[in-house]
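Read the structure below first, then the notes.
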Amino acid sequence: MNDTTVNWGLLWIDAHPDVTTPNHSQDAHAMVLAHLLGEGDQEFASQVKTPFDPKKVMFAGLEATASHETEFIEKMGIKTT
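So this is what it looks like as structure tokens:
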């Protein structure tokens, strides 16, 4: 997927959004989606050649978000169910 030019969408099914950035935590497991969006830890995010378009990402099953994660989700315009 990393080398493709296809404009993929992504359904993120998880209780946590995984959009934390190094400003809030050093836990890489909490940054996975941020990396796929080209955000998060820049060493990891730079390895994503074609970041996902946040307008084509949707969350399902979120149960808990920290305030900085909620701000990130709103800023990026990611849909939630």
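In the working numbering, each residue carries its 1-based index in the sequence shown increased by 11. The beta-carbon is built from N, C-alpha and C at its ideal position, and this holds for glycine as well. All figures in this text were calculated on a predicted structure; none of them were measured in a lab.
Same chain, Cβ closer than 7 Å to residue i, neighbours up to 5 away in sequence not counted
{"i": "LYS66", "result": "GLY88"}
{"i": "LEU44", "result": "TRP23, PRO28, ASP29 and VAL30"}
{"i": "GLY49", "result": "ALA56, VAL59 and PRO62"}
Any chain D beta carbon closer than 8 Å to residue i
{"i": "MET42", "result": "No chain D is part of this structure, which consists of one protein chain only."}
Chain-order list of residues whose beta-carbon lies under 8 Å from that of residue i (same chain, five-residue window excluded)
{"i": "ASP39", "result": "It is Ala, not Asp, that sits at residue 39 in the sequence shown. Taken in chain order, the residues that qualify are ASP52 and PHE55."}
{"i": "ALA77", "result": "THR31 and HIS35"}
Residues bridged to residue i (per DSSP)
{"i": "THR91", "result": "PHE70"}
Whole-Å CB distance - residue i paired with residue j, under 8 Å assumed
{"i": "MET69", "j": "LYS90", "result": "4 Å"}
{"i": "ALA26", "j": "LEU73", "result": "7 Å"}
Residue i CB to nearest heavy atom of the ligand PLP below 7 Å
{"i": "THR76", "result": "With respect to the ligand PLP, the structure offers nothing, as it holds no ligand at all."}
In chain order, which continuous runs of the beta strand (DSSP E) of length 3 or greater are located wholly inside the stretch 20-66?
21-24
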